[in-house]
Structure formats: C-alpha cells, structure tokens
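All remarks here apply to the structure that follows.
Number of protein chains: 2
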Amino acid sequence: MTTLKQVAAHAEVSVQTVSNALNAPHRLRPDTLARVTRSIELLNYRPNRNARSLRTSAVELIGYCVPTWPGDQVHLVMDQFLHAMCSAAEASSRHILLFTAPAGLDGMAVYDDLHARRLVDGFVLSQTETHDPRHTWLAEREIPFASFGRVWGEQTQPGYWVDVDGATGCATAVRHLHETGRRRIGLLSWPRLSGLAEDRLSGWRSACKVLRLPTGGLAVRCRQDTIDEGASGAAKLLDADQPVDAIVAISDMLALGAMSEIARRGLTVGVDVAVTGFDDSPLAAVVSPGLTSVSQPLDEIADALIRQLCDGEREPAGRLLEPQLVVRGSSAPADTGNTAGGKPS
Amino acid sequence: MTTLKQVAAHAEVSVQTVSNALNAPHRLRPDTLARVTRSIELLNYRPNRNARSLRTSAVELIGYCVPTWPGDQVHLVMDQFLHAMCSAAEASSRHILLFTAPAGLDGMAVYDDLHARRLVDGFVLSQTETHDPRHTWLAEREIPFASFGRVWGEQTQPGYWVDVDGATGCATAVRHLHETGRRRIGLLSWPRLSGLAEDRLSGWRSACKVLRLPTGGLAVRCRQDTIDEGASGAAKLLDADQPVDAIVAISDMLALGAMSEIARRGLTVGVDVAVTGFDDSPLAAVVSPGLTSVSQPLDEIADALIRQLCDGEREPAGRLLEPQLVVRGSSAPADTGNTAGGKPS
DNA sequence: GCCGATGATTTTAACGTTCTAACCGCTGTC
DNA sequence: GACAGCGGTTAGAACGTTAAAATCATCGGC
C-alpha cells in the first residue's frame, strides 16, 4: 500500500505538501501541484481513511438501523430507499453503515456505542413511531441525526426531519378519483395509534368534505398491513348498503388486498371499483391492472437527510415534501388499455 | 471522549496495560484486571475504532453493493437478507458498509477504491451472474470476498461461495405436488441465459422424470420476473390441449402472476390448480391463499459468508445449502382451511 | 537596500491505539 | 551467587494522516 510518505519522496516534496495537494490544492504552486498529482497517479496512491479519521475525528459514515417489521409485514420500498440513501451519501463522499438494534429505548445503547467507538458520525432514523424516544435521546447527547418521518404525538420534535405529506397524498388521490367520476370513496387504513395512518386519513376526509363526498362509515381500519387485511377491509366497504365505487388505501399492501377482493367478486378493478395505494412500491407497477399509487420522493428525502447530516445545513426544524400520484389502470382503465376480462357471465 | 491514557491514569497503570485488559485479559494479574475494568466502566471508556484500525490495519467492515434490478423487478427478500447479514456480521463484531457500483467490470473501480482506502476489509457479493467477472477480478488482486451465489457458466470459480440448491428446491416442490395428487406439473422460468433459472428448471425436469410425469411443452420461459409475465406464462400452460393441474414457478413473482391468472379464469388456486413459488418472500405469506414456496436459509447463508470472510476459515470452494419447502394454501388447501369462494357457478 | 507582506513549503506535533522489546521482581537451578 | 525462565508490567516506537506553527523565498514600496 502506498502512503503519503512514498508519494512525497517520489515527488520530492514534503509529506504535508502531498496532503495539501489533496485537501487544499489552491495552496500549491501549479507546477508542484502537477508534479505531486502525477506522482499520486503513478503510484496509484489512495489516502488511508483510518489515519485520516483518526486525525480529523470524522469517519464519514452514517449509521442506519435496518428496519424490522412485526409479523408478516413487508417493507416494499426498502430497496429503493436504501439505494437512494447510498447514492445521496456517496454524493457527499459518505457511506452508509448498517446495524441492528432493538426497538425503542432498549436499542439506544447500540446507537451510543457506535457513536462512542467512532464507527459513525451520525444516524439516519426511519420508521419513526408515535412518541418515538430516539430523537430526544440522541439530541440530549448531542449525537447528530436526521429523521425520515415525524414523531407523531409530540408538540415539538428535536432535530431535523424530512417527511412526506401523507394528507396531501391521499387528498390528491381522492380528487383524482372524483375527476374520473367516482362519488363514493372508501378508505382503508390502520389502527388509530399510527400517526402515519391518521395523517393520511385526514387528507382523505378533508378532500371528501371539500368535494361534498360522503365519509360516514367509509373509513375502515385494518389490523395489519397485509393483503388479507386489505381484502377483508375492502369486503366491508363493498358489502355496505351503499357500496363504494372507489377505495383509497393508505398502503400498497392494503390496496393489493382490495384489488384481489374486488376481482374475487367478479368485479373489474378500475372499471367497477377504482383503487389507489400509497408508496408506489415496485409491486404497483407489476400487478394487473397496474395500481395507481402515491409515490414518495425517496431520492429527494435521502438527499435532504444526508445533506443536513453532512454539510450541517442548520435548518430549524424539518421539511414536508409533496408526494406525487402515479396513475395506473386500477383507477383509469382507459389510459392503460386495460382489457381485463374475467368478469363472469 | 475518554481515551486509554485517561483510563490508565485513573487506574494507575500504563496505557499498554489497559489495552491488554481489553485485548488480552489473561496477561493481567486478576487484581489489576479488576482495577482496570472498574476504571473503564467508571469512565465509560470505549476504544476509538479509528486508532485501532490504523494500528492493526483491519477495519472490521464488510462492503456490500446494494443490488439494483433492471426494470420493474423487485428484490422481495432484500430486507431479510440484509437483516441476516447485519446480524451475522455483528455476531463477529463486524458491520456492513453499503455502497453502489455499476454492474460488471465497470463497477470494480469502486470495489478497488473502497479496499485501497481501507474502508472495508472485504466484500460480500450477491446477484451473481453468468460469467460474473467480479470474482476473478477480486481474487487476482487478493481482495477478500465471499459470494452468495455461484458464477454460472465457468468451470471453476475463484473464492468462497455459498448457494442454495435450486434444483433440489424445485424437485421437492414437484414431489410435494405429486404427493397431493397432481399429475401434470408445468414450470414457469426465465430466459435461458440465467444460470439460476436453468438450475431450478433441471430440478423440476429430473423430479418429473423420476415420477414419470410429463415435461414436454410444460416449461414456459417468461421474459421478466414480473407478475404480468407470470400471468401470461400461466395462461399458456392453462390454454394447452391438456392443461396443467399444477404450476411450479421459479420465483414468487411469477407464482403470484400464475395465481392471479388462475383466479381470473374463475378457477380456485390450490383446488383446481396448485402453485408453488421460490424464495418464500414475505408476500407468499400474505396473499390469499398463502403461496407454497421454497425458502432459502438466509440466516445460514449470511452466517457462512461472514464467518468465511472474518474468521478466515479456509474452506476449499463453497457450500450448497438445502432449501426448505414451506407449504401453504396454494398447494394444500385442506391444511390451511382455505374456504375461498369466488368460483362462479 | 531595508521592511513588511504575501505565498509556498516544510517542520513539528499531535490523533488514540497496538506491537515489540525491554524491564522488573521473583523462583528455581546448577 | 550467577543465571535462565517466567509472569506481569511498561517505555518507546509506529500506524498514516492533518493542523498549526515555523521557515524560506519573492516582491513591492519607500
């Protein structure tokens, strides 16, 4: 392995000059810079990150706790979010270090350890929960972090956060369904303690109010984020005295359940009943018909988180980003040339 | 931040003794060890990993390139594999460092750089492809790595690998279907250049031969790993003169497509036509009926990879692990109490 | 031609750890 | 009584880098 010293010898300058060539090239006379650069390339020199970090006490690594979901639940956009994070980190010449930790306060020892041992400079949090204790814990110890997601149920939230406006997302879905002629729009959501669910629900409710659409009895709470739960939730909406002609689901998983329930009854998704999901997971594109879904700007989110963490832009609180509705066959069959048969007799 | 020096002062020993207390406690007299340990705890000392790594030139980090899939394709077990890797790494007091790189040889500069800059000790490769150039490249440069997946199409493969026996997996699925009374078992696979696909296909074919089941015209190649492709593949098998009564899919995605195609035709999955998938992705458990699928022992795989990489167990070549069939309603409706209606008069 | 200012480069001293060799006190051997 | 051996401990150097201070050369102004 080549070191600074060897490069310095080769270029006939001091070690510090080589270091400057890399970290502060403007300090060198053009000709020496050229000479040093040539030597660096010739010897294929790469700075040793450990020595650098020891000296500067910055490791340029960001910790991210790999999320676990209870039971059968799936993180469908995990790939995409991780990829976005990696790319964003690399754009700031950082990297992501993965680790596992128990949920809640129990896990904080792990965070503390990683930071104290200098394995990471800071953390990106995701999967924030109602009354999530991590933010306060980290802030009290002055450990840098940035959060994807708000801590629901608190007045103020320590530290920087980025989140997607779930209410707007669902409201957009409702308006889209209204524009395509739907007049009775049900909602599939989760139990009441999920701040995420309440946020998205509120968007559905307010959009319906504005458009003078009914909401009474049209919000069903599914126990889990599974296809099965989505299907039985949809069944309730379809069995009602006045059945719905559209279903807004606050997740793609629930939406998939709704789609399968609709198909099971011999109805055609997108024709008889429209469905929208949330997350625009890869599955939304590959099911048939395609699932209209609210897409989160994951690249932008990752960018904001990493930039805040690295370049230390001191933004006061957080940023709420606008999601985007991706329309597919489940809500607009004409556009996608959906020719689904399968409707018996 | 507490350092060794401060602990040493507190315990009234030399710096080296504190270091020994942590790295070679057997060298200390029990009473000094106790004294030092008490000081360490009292001062809440954590060794600085950068200094340690600089000295020992081992960073205890393992690089993993976050996989990208062409087009709409999804890595459904990504969460699980990453989690398994993290856990395995932590069991050997390592961590996973994520990065992105272009596919094939183009990406090798990134691997080289990470290694040369001492950001990682070695790599875990996944998503191995036919004639994958990475293995040879890394081996030539003596950069440590371990591969999840074989390099198809080569005589010998440099470096250590772990893989799952796809042939056995599919053969098990075929036998299971045969035991439950199926006699005409179709296969959904991918284009011929995928080694993975050929491996799994061979298991289906050989099991069918042994059981004297037909195979001619019963293997359909889907262009992509999507639900849509699976559905149209299944359609071919169901439209044949002698339609199949079971479908073995070499991925859960194709299996999901098959399930939806079967349902679309008013047939009942698991009753009229049985379906099996591969990977036992989280979706397999949450669709209705549940999807019988071949499960890869991800924890064991991750363990083997990490152990090989860290503890440097010099195994000659690689290990082929046995997958396990997880039976659900799509192939054994009785067991799961599947009461699906929806079969139109 | 001296002085201070400016710019380019080098010297010195860390950063916090571990490795190597040396040291110390004790025991047992010849 | 000299000496080897041993367990326990420590001093000194090294790992490869960068920050801060010091040095040296150059130059314009008076």
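So the sequence lines, in the order shown, correspond to chains A and B. Sequential numbering of the first sequence, starting at 1, is according to this note's numbering. Sequential numbering of the second sequence, starting at 1001, is according to this note's numbering. From the three backbone atoms N, C-alpha and C, an ideal C-beta is built for every residue, glycine too. Predicted model, so just to flag it, every value in this text is computed and none were measured.
> Which residues in the same chain as P70(A) place their Cβ atom closer than 6 Å to its Cβ, once the five residues preceding and following it in sequence are excluded?
Replying inline: As a first step, residue 70(A) is located in the first sequence; it is residue number 70 there, counting from the start. Result list for P70(A): empty, nothing under 6 Å.
> In three-state DSSP terms, what is L320(A)?
Replying inline: Indexing the first sequence from 1 puts residue 320(A) at position 320. Note: L320(A) maps to strand in three-state DSSP.
>> With a threshold of 8 Å, are at least 3 pairs of Cβ atoms found where one atom belongs to the region 1206-1218 of chain B and the other to the region 1172-1180 of chain B?
In response: yes
>> Considering only the alpha carbon of each residue, which of A146(A), A103(A) and R27(A) lies closest to D311(A)?
In response: Numbered from its first residue, the first sequence carries residue 311(A) at position 311. Measuring from the Cα of D311(A), the nearest candidate turns out to be A146(A).
> Apart from the five residues on each side of it in sequence, which residues of its chain come closer than 6 Å, Cβ to Cβ, to D1335(B)?
Replying inline: Position 335 of the second sequence, counted from the start, is the residue given in the question as residue 1335(B). With a pLDDT of only 45 at D1335(B), under the threshold of 50, the placement of this residue in the model should not be trusted, and no figure is reported.
>> Is it the case that the region 1118-1130 of chain B contacts the region 6-21 of chain A, given that we only count it when at least three CB pairs across the two stretches are under 8 Å?
In response: no
> Ordered along the chain, which non-local residues of its own chain (more than five positions away) have a Cβ less than 8 Å from that of T1339(B)?
Replying inline: Along the second sequence, read from residue 1 onward, the residue named residue 1339(B) stands at position 339. In this prediction, T1339(B) has a pLDDT of 38, which is less than 50 and means its spatial position is unreliable; nothing more can be read from the coordinates.
>> Just to make sure I have the definition right: I need the residues of chain B whose C-beta is within less than 7 Å of the C-beta of L283(A). Which are they?
In response: Sequence index remark: in the first sequence, residue 283(A) carries index 283 (1-based). The answer, in chain order, is V1074.
>> So if I threshold CB-CB distances at 7 Å, which residues from the region 1110-1126 of chain B count as touching chain A?
In response: D1113, A1116, R1117, R1118 and L1119
> Which runs of the alpha helix (DSSP H) fall wholly inside the region 1081-1140 of chain B and span at least 4 residues, in chain order?
Replying inline: 1108-1116 and 1134-1140
> Does the region 280-288 of chain A come close enough to the region 58-66 of chain A to have 3 or more Cβ pairs within less than 8 Å?
Replying inline: no
> How close, in whole Å, do the beta carbons of Q1006(B) and L1043(B) come, if the pair is a contact with beta carbons under 8 Å?
Replying inline: On the second sequence, position 6 is the one that residue 1006(B) refers to. On the second sequence, position 43 is the one that residue 1043(B) refers to. Indeed, because the Cβ distance is near 6 Å, the residues count as touching under 8 Å.
>> Whether or not the region 24-33 of chain A and the region 1094-1111 of chain B are in contact is what I'm after, with contact meaning three or more pairs of Cβ atoms, one per stretch, closer than 8 Å; do they touch?
In response: no
> S1422(B): which of R1307(B), A1234(B), R1094(B) and R1223(B) sits nearest, CA to CA?
Replying inline: Residue 1422(B) lies beyond the stretch modelled for chain B, which goes from 1001 to 1345, so this question has no answer here.
> If you drop the 5 nearest sequence neighbours on each side, which residues of the same chain put their C-beta closer than 7 Å to that of P344(A)?
Replying inline: Position 344 of the first sequence holds residue 344(A). Its pLDDT being 33, under 50, P344(A) is placed unreliably in this model, and the coordinates cannot settle the point.
> Hey, V326(A) and T1226(B): beta-carbon distance below 9 Å or not?
Replying inline: Locating residue 326(A) in the first sequence gives position 326, counting from the first residue. Locating residue 1226(B) in the second sequence gives position 226, counting from the first residue. In this structure, T1226(B) does not lie closer than 9 Å to V326(A) by Cβ.
>> Would you say D1280(B) lies against chain A (beta-carbon separation less than 9 Å)?
In response: Within the second sequence, residue 1280(B) is the residue found at index 280, counting from 1. For D1280(B), the answer is no, since every Cβ of chain A falls outside 9 Å of its Cβ.
> For R184(A), which three-state DSSP category applies?
Replying inline: Residue mapping note: residue 184(A) aligns to position 184 of the first sequence, counting from 1. Coil, per DSSP.
> Between D1121(B) and the rest of its own chain, which residues show a CB-CB distance below 7 Å, the 5 nearest in sequence each way excluded?
Replying inline: Position 121 of the second sequence, counted from the first residue, corresponds to residue 1121(B). Closer than 7 Å at the Cβ level, and outside the excluded window around D1121(B), lie A1058, V1059, E1060, L1061, I1062 and P1144.
>> Count Cβ pairs between the region 1106-1118 of chain B and the region 1149-1162 of chain B that sit closer than 8 Å; are there 3 or more?
In response: no
> Under 9 Å, do L321(A) and D165(A) count as touching if we go by C-beta distance?
Replying inline: Working through the first sequence from its first residue, we reach residue 321(A) at position 321. Working through the first sequence from its first residue, we reach residue 165(A) at position 165. Taking 9 Å as the Cβ cut-off, L321(A) and D165(A) qualify as a contacting pair.
> Where are the beta strand (DSSP E) runs, 3 residues long or more, that stay fully inside the region 1251-1282 of chain B, in chain order?
Replying inline: 1274-1279
> What distance in whole Å lies between the Cβ atoms of G186(A) and I250(A), which are believed to be in contact at a cut-off of 8 Å?
Replying inline: As a first step, residue 250(A) must be located in the first sequence, where it is residue number 250. As a first step, residue 186(A) must be located in the first sequence, where it is residue number 186. Not confirmed; about 12 Å, so no contact.
>> Determine, for F148(A), whether the minimum Cβ-Cβ distance to residues of chain B falls below 9 Å.
In response: The residue given as residue 148(A) occupies position 148 in the first sequence. It does not; no Cβ of chain B falls within 9 Å.
> Buried or exposed: D1252(B), going by 16 or more other Cβ atoms within 10 Å of its Cβ?
Replying inline: Here residue 1252(B) refers to the residue found at position 252 of the second sequence. Per the 10 Å Cβ criterion, buried.
> Is N1048(B) close to chain A, meaning its C-beta is less than 9 Å from at least one C-beta of that chain?
Replying inline: Residue mapping note: residue 1048(B) aligns to position 48 of the second sequence, counting from 1. Answer yes: the Cβ-Cβ gap between N1048(B) and chain A drops below 9 Å somewhere.
> Just to check, is the beta-carbon of R1307(B) closer than 8 Å to a non-hydrogen atom of the ligand NAP?
Replying inline: Looking for the ligand NAP in the displayed structure turns up nothing, as the structure carries no ligands at all.
> Of the residues that make up the region 1081-1099 of chain B, which ones have a beta carbon closer than 7 Å to any beta carbon in chain A?
Replying inline: L1082, H1083, C1086, S1087, E1090, H1095, I1096, L1097, L1098 and F1099
> Leaving out the 5 sequence neighbours to the left and right, which residues in its chain are closer than 8 Å to G1341(B) when beta-carbon positions are compared?
Replying inline: Locating residue 1341(B) in the second sequence gives position 341, counting from the first residue. Note that G1341(B) has pLDDT 34, beneath the 50 cutoff, so the model's placement of it is unreliable and no number is given.
> Should A234(A) be labelled buried (16 or more other beta-carbon atoms within 10 Å of its own) or exposed?
Replying inline: Along the first sequence, one-based indexing puts residue 234(A) at 234. Buried, because 16 or more other Cβ atoms sit within 10 Å of the Cβ of A234(A).
> When we look at the beta-carbon of H26(A) and count the other beta-carbons within 10 Å, is it buried (16 or more) or exposed?
Replying inline: Looking up residue 26(A) in the first sequence gives position 26. Label assigned to H26(A): exposed.
>> Please confirm whether G342(A) has its beta-carbon closer than 9 Å to some beta-carbon of chain B.
In response: The residue labelled residue 342(A) in the question sits at position 342 within the first sequence. Per-residue confidence for G342(A) stands at a pLDDT of 32, beneath the threshold of 50, marking its modelled position as unreliable; no derived number is given.
>> On the DSSP letters alone, give me the boundaries of the beta strand (DSSP E) that V1164(B) sits inside.
In response: Against the second sequence, residue 1164(B) aligns to sequence position 164. Y1160 to V1164 is the span of the beta strand (DSSP E), which, as asked, contains V1164(B).
> Closest Cβ-Cβ distance between I227(A) and chain B: below 9 Å?
Replying inline: Here residue 227(A) refers to the residue found at position 227 when the first sequence is read from its first residue. Chain B contact via Cβ: present.
> Does any residue of chain B bring its CB to less than 9 Å from the CB of A235(A)?
Replying inline: Position 235 of the first sequence, counting from 1, holds the residue named residue 235(A). So, not an interface residue.
> How long is the line joining the alpha carbons of R1150(B) and R1307(B), rounded to whole angstroms?
Replying inline: As a position in the second sequence, residue 1150(B) is number 150, starting the count at 1. As a position in the second sequence, residue 1307(B) is number 307, starting the count at 1. Near 18 Å, if we compare the C-alpha coordinates of R1307(B) and R1150(B).
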